[in-house]
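Report on one structure; see the data block that follows.
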Amino acid sequence: MSGYRWTCQACQTGNEPNFDQCQFCGCPANAGSEDIEKHINPEGFKKKKAKEQYSNSLFVYFFIPFFAAIYAVNGRHESLVILLGMAVVVTINNIKLLTHIWNDRWARNSLIVIASLFLASILVRIFIIPNNSPLVWWSALFYFLLAPSSFYYFFYSRNGKRVFNEYYSKANK
């Protein structure tokens with residue numbers, strides 16, 4: 010360890026130079042921000058990581074209809090089969106979470122509406138807007154605004170937090 014006094018970042022206590030862990034709370038001297046957060050509130054840290062994992066696994070479902078339409082219209086059926094295979098694998102891995110979402114009316118309707126908006130946006134672009142039209146840029150802008158807004162609506166709204174808190178408490182009984 011270093012030859013100077015150091016301050017624990019978890020509890021703000023000064024420690025002697027010959028200690029590798031805080032004398033007061035036991036946090037390691039070289040702890041990073043995640044380690045400090047885990048040390049201060051282990052249950053909250055675990056819950057936060059689980060929510061991140063849930064949102065990462067579900068975010069894929071927003072884009073499946075979008076890319077499926079692109080692959081189907083462009084005749085890339087092998088890519089469509091690979092995409093659908095990936096969707097099946099993700100579904101099997103997250104079947105409990107998807108069952109919980111399907112049983113919650115708000116979450117089910119939100120997921121269906123968001124996926125339908127992605128699908129409608131690409132179908133309008135492919136079948137209605139010509140390639141040399143200035144509306145191509147507006148459709149791209151719509152898509153790039155839809156992605157983050159739907160993510161925040163589904164995962165960070167009051168109902169979204171409620172759904173994931175219910176699932177987390179049910180999954181960790």
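Residues are numbered in my numbering as their position in the sequence shown, beginning at 1, plus a constant of 9. In this text, a Cβ means the ideal position worked out from N, Cα and C, and glycines have one as well.
* To do: Would you mind giving the Cβ-Cβ distance between I123 and A116, rounded to the nearest angstrom? I have them listed as a contact below 8 angstroms.
  => Residue numbering aside, residue 123 sits at position 114 when the sequence shown is read from its first letter. Residue numbering aside, residue 116 sits at position 107 when the sequence shown is read from its first letter. Going by Cβ atoms, the distance from I123 to A116 rounds to 11 angstroms, so no, they are not a contact pair.
* Asked: Ordered along the chain, which non-local residues of its own chain (more than five positions away) have a Cβ less than 8 angstroms from that of H86?
  -> Taking the first residue of the sequence shown as 1, we reach residue 86 at position 77. Within the same chain, H86 has close Cβ partners Y80.
* Asked: Under the DSSP definition of a beta bridge, which residues are partnered with Q32?
  -> As a working note, residue 32 is residue 23 in the sequence shown. According to DSSP, Q32 bridges with nothing at all.
* Alpha-carbon to alpha-carbon, Q21 and C36 -> Numbered from its first residue, the sequence shown carries residue 36 at position 27. Numbered from its first residue, the sequence shown carries residue 21 at position 12. Their Cα atoms are separated by approximately 11 angstroms.
* Just the Cα atoms here: how many angstroms apart are D113 and P26? -> Start at 1 with the first residue of the sequence shown, and residue 113 comes out as number 104. Start at 1 with the first residue of the sequence shown, and residue 26 comes out as number 17. If I take the Cα positions, the gap works out to 54 angstroms.
* By DSSP, does T108 sit in helix, in strand, or in coil? -> Taking the first residue of the sequence shown as 1, we reach residue 108 at position 99. Note: T108 maps to helix in three-state DSSP.
* Consult DSSP for R24 and reduce its assignment to one of helix, strand or coil. => Position 15 of the sequence shown, counted from the start, is the residue given in the question as residue 24. With the sequence shown as reference, residue 24 is identified as Asn, and Arg is not the correct amino acid for it. Of the three classes helix, strand and coil, the one that applies to N24 here is strand, per DSSP.
* Asked: Looking at L126 and the ligand GTP, is the gap between the Cβ and the nearest heavy atom below 8 angstroms?
  -> By its list of ligands, the structure shown contains no ligand whatsoever, and the ligand GTP lies outside what it can speak to.
* Asked: Quick one: Cα of K56 to Cα of V99, how far?
  -> If you number the sequence shown from 1, residue 56 lands on position 47. If you number the sequence shown from 1, residue 99 lands on position 90. K56 and V99: Cα-Cα distance of roughly 21 angstroms.
* Tell me, please, which residues DSSP counts as bridged to W15. => Along the sequence shown, read from residue 1 onward, the residue named residue 15 stands at position 6. Note: W15 sits in a beta bridge opposite N24.
* Helix, strand or coil at P143 according to DSSP, with G and I counted as helix -> Against the sequence shown, residue 143 aligns to sequence position 134. DSSP places P143 in coil when its eight states are reduced to three.
* G84, enclosing alpha helix (DSSP H) - first and last residue -> Here residue 84 refers to the residue found at position 75 of the sequence shown. Counting along the chain, G84 falls outside any alpha helix (DSSP H), and DSSP gives it neither H nor E.
* Excluding sequence positions up to five away, which residues of its chain have a Cβ less than 8 angstroms from the Cβ of W15? -> As a first step, residue 15 must be located in the sequence shown, where it is residue number 6. These residues qualify, in order along the chain: G23, N24, P26 and A38.
* Asked: Around the Cβ of Q18, are there at least 16 other Cβ atoms within 10 angstroms (buried) or fewer (exposed)?
  -> Taking the first residue of the sequence shown as position 1, residue 18 is located at position 9. Around the beta carbon of Q18, 16 or more other beta carbons sit within 10 angstroms, so the residue counts as buried.
* Compute the beta-carbon to beta-carbon distance between Y176 and L67, rounded to the nearest angstrom, for a pair I have assumed lies under 8 angstroms. => As a first step, residue 176 must be located in the sequence shown, where it is residue number 167. As a first step, residue 67 must be located in the sequence shown, where it is residue number 58. Wrong, their Cβ atoms sit about 11 angstroms apart, outside the cutoff.
* From D44, A40, E52 and P143, pick the residue whose C-alpha is nearest to that of N174; which is it? -> Residue numbering aside, residue 174 sits at position 165 when the sequence shown is read from its first letter. For the options D44, A40, E52 and P143, the alpha carbon positioned closest to that of N174 is the one of E52.
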